[in-house]
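What follows is one structure encoded as structure tokens, with my remarks underneath.
Residue numbers (our numbering): 1 to 456.
Here is the structure:
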């Protein structure tokens, strides 16, 4: 008797699942809210997969023994079917037999994965990279024979359903409240992220921020497991109290990266002045920790080739009449915007703040921005609310419905040596398809201004 498997969503994930599962022993259905294109229908026919429209959701849920939802689907209303949920990530991990590095976190995971991929290639490793970046993870299986290592970027949505996933190296970059419109509570969001390490063995590496150490002390499964912590600053005496005898801490101390254990003490292992200055300190200490845990010689990092970060991450677009314009559209949470502002704070700064909060209160962010910015220019669906916070805190501000009019206000008011920073601290879908489209719009506005000023 054939296994009846439903694939919920005909996007990148859904198509990779269908390609992977299609066989004579499986009866496949896919449900999506839109009709398949001609090309997609041909794909479904090739894999003997039946299409169901969203109006047939109940029949889809009832008729299949197992259901693999795409990560973007909110399943909270369908808990009565939770026994049928299967994870794309578990499917992948059951078929992947090479070393595997997985990276999650609220911010910074794409940059870490991108940089780590380049670094591993510098060590002459063949790297298969995917997940939340690049290829769908099941599509990576075709690269397994040639690959030395797999590298996955994982969102909380991809992790929340997994039951058996256990990477060779789990990296958790940081944790801040996010996606509360989907996860409901900070605890539920934390629990989803925690699944990156929940099934790891004692011998597998777990690399996590020191500030999460107090949480991990209360998790019974982790009382014996060695953990690898990282920090951008030297630890205080109270920080060291979270470290077990078999834990390791990597941290920055001025221009040095130090490796510390409670039994062996502190040892300088790398001069951070030899690293490229293209990313935040936290990313580099994570990368050093990964390389050291994998036994890779750190001295090879002193000869890294030129590496660029992915687009829309605190990138200088142009300097026009002495005003520098930075695109940090990837910033969708408060902490990322604070980091960007702190990084650039040496000059007066106009901050373009907008987007959608995803259930997170942004008033504390605006309180922290007082005395750090010259003006906050709010735009988009929540601009009125953001402006009211600025008014209450006493930060000069104005509000606009569109990024275009907000940009024009900044460009008109900014003086030589000022900075105009797009770092919205919110999701993009009030005005744009994604953060890439928002960043591209900003860059186009900068280029148009450059042409208008006759500088190109």
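Positions of the beta carbon are idealized from the N, C-alpha and C atoms, including for glycine.
The secondary-structure analysis by DSSP pairs residue 400 across a beta bridge with 379.
Note that the C-beta distance between residue 28 and residue 18 is below 8 Å. The continuous alpha helix (DSSP H) containing residue 14 extends over residues 12-21. Here the C-alpha atom of residue 416 lies approximately 6 Å from the C-alpha atom of residue 321.
Counting only the Cα atoms, residue 103 lies some 6 Å from residue 109. Going by DSSP, residue 292 is part of no beta strand (DSSP E) but of the alpha helix (DSSP H) stretching over 281-293.
Here residue 63 is exposed: its Cβ has fewer than 16 other Cβ atoms, across all protein chains shown, within 10 Å. The beta carbon of residue 367 lies closer than 6 Å to those of 393 in the same chain, with the five residues before and after it left out. Secondary structure note for residue 162: it is in no beta strand (DSSP E), with a DSSP letter that is neither H nor E. Judged by DSSP secondary structure, residue 308 falls outside any alpha helix (DSSP H); it is assigned neither H nor E. Burial is judged here by how many other beta carbons sit within 10 angstroms of a residue's own beta carbon; residue 80 has fewer than 16 and is exposed. Using a Cβ-Cβ distance cut-off of 8 Å, the segment 304-314 and the segment 378-390 are not in contact, since fewer than three pairs of beta carbons, one from each stretch, lie closer than that value. Taking 8 Å as the upper bound for CB-CB distance, residue 375 and residue 397 are in contact here, some 6 Å apart. DSSP assignment within the segment 11-87 yields the following whole beta strand (DSSP E) runs of 3 residues or more, N-terminal first: 26-32, 49-53, 66-69. Between residue 435 and residue 312 a beta carbon distance of about 6 Å is seen, short of the 8 Å cut, so the two are scored as contacting. If you look at residue 209, you'll find it in the beta strand (DSSP E) that goes 205-209. A contact is defined here as three or more CB-CB pairs under 8 Å, and the segment 414-431 meets this definition with respect to the segment 331-350.
In the three-state reduction of the DSSP assignment, residue 362 falls in the coil class, being assigned neither a helical nor a strand state. Membership of residue 188 in the alpha helix (DSSP H) is indicated by the continuous run 186-194. Here DSSP, grouped into helix, strand and coil, assigns residue 104 to strand. In this structure, the beta-carbon distance from residue 158 to residue 88 falls below 8 Å. Under DSSP, residue 249 forms a beta bridge with 229, 260. DSSP places residue 269 within a strand segment (E or B) once states are collapsed to three. Taking residue 208 as reference, the option from 151, 256, 348, 283 with the minimal CA-CA separation is 283.
Around residue 200, the same chain offers 166, 167, 170, 206, 225 as residues with beta carbons nearer than 8 Å, after the five sequence neighbours per side are excluded.
At a Cβ-Cβ threshold of 8 Å, residue 318 and residue 420 do not count as neighbours. Minimum Cα-Cα distance from residue 264 among the listed residues 272, 247, 256, 253 corresponds to 247.
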